[in-house]
Amino acid sequence: MWIPGSIFRRKNILLGVTGSIAAFKACNLASTLSKFDAHVRTILTASALHFVGPTSFVSLTNDTAYTDQDYWSSNIRSLHIELGRWADVLVVAPATANTLAKIANGFADNLLTSTVLGCNKPLVLVPAMNVRMYENKITQENLDKLRNLGCVVVEPEVGHLADGEVGKGRFPEIETILFHIARAVVPQDLSGRNIVVTAGPTREYIDEVRFISNPSSGKMGYALAQALALRGADVTLLSGPVTLDVPQGVRLLQFESVSELMQLMEHFLPEADAVVMAAAVGDFTTERREGKLRRQ
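Going by numbering that gives the first Met the number 0, 127 is the number at position 128 of the sequence shown; the sequence numbering is gapless.
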């Protein structure tokens, strides 16, 4: 993972869990954030309690998990306001179509929606539901409205769903969610900037099976690309042949030879605000022969 865990250290993250079959995956999210030394408190809706319980989140985060019962019985005055003040970021994962509709239209009929309405911190929403519910025009209108209000909507993934259908609606990978949470707590001082990053080695082929290269891993360029993306930049990563996971929020294009890299650079340079040259480019090229050269 290219996202440094130190970003989350001592951050106050309020996690809202709603009534989706994906609610159990929120346990993994809470656990991961806690391992990065984030302070994680949880709010579970009444529907979420059909899938997971507060004890799981208390055990994983060593912090409080709230339900609607706490809304009415808590000794904390205006619990929903206090939780909003405490949080650095509010994450609703998974977010059902029902909860998205409530938030989009200003409903405050439970502890979670009341906290959302009374919180002026970044809001990250992670929809998870059946594909037809997700693609429903009403749900899409609610999501558009939430985006226009400044909420971060993490797109669900395409795949097999709990009801046996295949389509868009799966709970995203944890690293994808972490990227959007990190962006919410990191200054976006590079927002709107187009930055090109090069990484990895080049290959200059001698024949069809042999080439001249170097042992560059590409890790520096990939880490730089992720760091720039976390600060809001639109990052284009030009990568030589490496075996690395693609950083979150980064557009990847691949090359092998120096000439391929040059073509990509000529295409993207005119629109770039900055270029980070971290590729290990070969110093010379060869005349490529057809087939495999025989031994002399």
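Yeah, the Cβ is synthetic: ideal placement off N, Cα and C, and Gly gets one too.
For Arg76, the number of other beta carbons within 10 angstroms of its own is below 16, and it is reported as exposed. Per the Cβ contact rule, the region 89-108 is not in contact with the region 52-62 (fewer than 3 Cβ pairs under 8 Å). Taking a cut-off of 8 Å on C-beta distances, the region 223-238 does not touch the region 165-174, as fewer than three cross pairs fall below it. Nearest neighbour of Gly239 by Cα position, chosen from Ala271, Ala277, Ala226, turns out to be Ala277.
Note: Asp233 is bridge-paired with Asn193 in the DSSP secondary-structure output. With a cut-off of 8 Å on Cβ pairs, the region 138-151 is in contact with the region 110-128, counting three or more such pairs. With 16 or more other CB atoms across the displayed protein chains lying within 10 angstroms of its CB, Phe178 is buried. DSSP places Ala273 in the uninterrupted beta strand (DSSP E) bounded by 273-276. Around the beta carbon of Asn27, fewer than 16 other beta carbons sit within 10 angstroms, so the residue counts as exposed. Under the DSSP assignment, His49 falls outside any beta strand (DSSP E); it carries neither an H nor an E label. Gly149 sits away from Asn213, with the two beta carbons spaced by 9 Å or more. Under the three-state reduction of DSSP output, Phe210 falls in the strand class.
Linking Arg192 to Ser46 through their CA atoms gives a straight-line distance of about 42 Å. In the same chain as Ile20, and ignoring 5 residues on each side of it, the C-beta atoms closer than 6 Å to its own belong to Ala161, in chain order.
For Val130, the enclosing alpha helix (DSSP H) has its first and last residue at 130-134. With a minimum length of 3 residues, the unbroken runs of beta strand (DSSP E) contained wholly in the region 143-203 fall at 156-159, 165-169, 193-198.
Listed in chain order, the alpha helix (DSSP H) elements of length 4 or more contained wholly in the region 52-78 are 53-60, 67-72. If the five residues before and after Ala271 are omitted, its C-beta is found closer than 6 Å to the C-beta atoms of Asn193, Val195, all from its own chain and listed in chain order.
Two segments are said to touch when three or more pairs of C-beta atoms, one from each, lie closer than 8 Å; by this definition the region 173-187 does not touch the region 249-257. In the assembly as shown, Glu156 is an exposed residue. Its beta-carbon has fewer than 16 other beta-carbons within 10 Å.
Relative to the Cα of Pro93, the nearest Cα in the group Leu48, Asp69, Gly117, Leu116 belongs to Leu48. Within a 10 Å sphere around the beta-carbon of Pro269 sit fewer than 16 other beta-carbons, which makes this residue exposed.
The straight-line gap separating the alpha-carbon atoms of Val241 and Gly217 is approximately 7 Å.
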